[in-house]
Amino acid sequence: MPFGSHSSFPRAILHIDGDAFFASCEQALHPEWKGKPVITGKERGIAASMSYEAKAMGVTRAMPLFEIKKICPDAIIVPSDYETYSLLSKRFYDIVRRVTGEVEEYGIDECFADITGMRRPLRMSYQQIAEKLQYDLELELGCTFSIGLGPNKSIAKIASKWKKPAGLTMIPGRHIHQYLSTLPVGKVWGIGPNTEALLAKYGISTALQFAERPESWVQKNFSKPFYEIWQELNGTFVLELSLEERHAYQSVQKFKTFTPPSRERAFIFSQFSKNIENACIKLRRYHQ
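In terms of numbering that gives the first Met the number 0, the sequence shown opens at residue 0 and continues consecutively.
Rendered as structure tokens:
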């Protein structure tokens, strides 16, 4: 399936991803903290989220606060305010829905949006739609978002990670191979460490090497979810958006794949705690 066989955007899918969302929320609430190293997680004694200014100083997630003070003495360290982050997340979804009703709430700080066919009613190109949305989000929330535009969810997610923070990357069908050529296959959404290790046994280290494998080979050696990823890496729209605005959940689950794998207790505990907190945010939001 040649990449060039697709028009630029037979489907136009956005992935909108908050930049250091929790720390950015704190900076939005406290404008005097803009441009300063802000870290959430004081209540746990370890960094839960950090602004890009803190990351530039060498602060990493799960770093103990006493270590942070050594490398970043001017750090502003605050308790995590997940109720407020949840409210800002709801406003984030509402702003995106002003552009299109086809929105998938994928995480507290990210979503997918289908803007296919919206150029004519909005009288803007797809790039202009993305730029306007990015501008409105920062203006109204005080937080920056990185946006990726692609012909499907997998490519849009790759695009949103390409330039951070406040990046806007468009990957049309005919240019997909250029982005996949240097992208480690483990960075593809849905491919975890075990699958990455299996692909390595076949000599596959980049996303492009996986995308260029014959369809019959992929179907023979991998299950349906990875075949669908392979299809999307080749520009086909396969993974539908889940468009229901959430009002209730039968169950709430949060997952974290460690890439690379980690045995560091503090780091694993921090991720475990964050997942519990995010799950509780959803339960409280929908009164469950």
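No residue lacks a Cβ here, since even glycine has one placed at the ideal position from N, Cα and C.
The structure displayed is predicted, hence computed values, not measured ones.
- Measure the C-alpha to C-alpha separation of Gly234 and Arg97 and round it to an integer number of angstroms. On the sequence shown, position 235 is the one that residue 234 refers to. On the sequence shown, position 98 is the one that residue 97 refers to. Each residue's Cα considered, the two are about 27 Å apart.
- Just the Cα atoms here: how many angstroms apart are Tyr248 and Cys279? Numbered from 1 along the sequence shown, position 249 holds the residue referred to as residue 248. Numbered from 1 along the sequence shown, position 280 holds the residue referred to as residue 279. Bear in mind that a pLDDT of 49 at Tyr248, under 50, signals an unreliable position, so the number given afterwards is only what the model happens to contain. So the alpha carbons of these two residues sit roughly 12 Å apart.
- Query: Where does the unbroken alpha helix (DSSP H) through His176 begin, and where does it stop?
  - Reply: What you label residue 176 is simply residue 177 of the sequence shown in a count that begins at 1. Run containing His176: Ile175 to Leu179, per the alpha helix (DSSP H) assignment.
- Own chain residues within Cβ distance below 8 Å of Leu238, not counting five before or after: Here residue 238 corresponds to residue number 239 of the sequence shown, with the count starting at 1. Excluding residues within five positions, the ones whose Cβ falls inside 8 Å are Asn151, Lys152, Ser153, Glu227 and Glu231.
- Message: I'd like to check one pair, Ser145 with Lys116: are the Cβ atoms closer than 8 Å?
- Response: Working through the sequence shown from its first residue, we reach residue 116 at position 117. Working through the sequence shown from its first residue, we reach residue 145 at position 146. Residue identity differs from the one stated: residue 116 is Gly in this sequence, not Lys. No; because the gap between Cβ atoms is not below 8 Å, this pair is not in contact.
- Item | Whole-angstrom distance between Lys68 and Glu42, CA atom to CA atom | Walking along the sequence shown from the start, residue 42 turns up at place 43. Walking along the sequence shown from the start, residue 68 turns up at place 69. Each residue's Cα considered, the two are about 15 Å apart.
- Span separating the alpha-carbon of Leu182 from that of Asn193: Residue 182 sits at position 183 when you count from the first residue of the sequence shown. Residue 193 sits at position 194 when you count from the first residue of the sequence shown. So the two alpha carbons sit approximately 17 Å from each other.
- Can you check whether the CB of Tyr84 is closer than 8 Å to the CB of Ile107? In the sequence shown, residue 107 corresponds to position 108, counting from 1. In the sequence shown, residue 84 corresponds to position 85, counting from 1. Contact flag set, yes.
- Task: Go through the region 102–183 residue by residue and report every complete run of the alpha helix (DSSP H) that reaches 4 residues or more, in order.
- Result: 118–121, 125–140, 152–161 and 175–179
- Query: Per DSSP, which one or two residues make a beta bridge with Thr205?
  - Reply: Within the sequence shown, residue 205 is the residue found at index 206, counting from 1. Thr205 is bridged to Pro183.
- Locate the beta strand (DSSP E) running through Leu13, then write down its first and last residues. Your numbering for residue 13 matches position 14 in the sequence shown. Taken as a continuous stretch (DSSP letters only), the beta strand (DSSP E) holding Leu13 covers Ile12 to Gly17.
- Query: Do Pro36 and Asp73 have their C-beta atoms closer together than 8 Å?
  - Reply: Stepping through the sequence shown from its first residue, residue 36 is reached at position 37. Stepping through the sequence shown from its first residue, residue 73 is reached at position 74. Yes, Cβ-Cβ distance for Pro36 and Asp73 is below 8 Å.
- Task: Tell me Thr39's beta-bridge partners as DSSP assigns them.
- Result: In the sequence shown, residue 39 corresponds to position 40, counting from 1. In DSSP, Thr39 forms a bridge with Ser48 and Val77.
- Item | Coarse secondary structure for Pro213, derived from DSSP in three states | Locating residue 213 in the sequence shown gives position 214, counting from the first residue. Coil at Pro213, not helix or strand.
- Item | From Tyr92, Leu240 and Ile114, residue whose alpha carbon lies closest to that of Thr99 | Residue numbering aside, residue 99 sits at position 100 when the sequence shown is read from its first letter. Comparing Cα positions, the closest option is Ile114.
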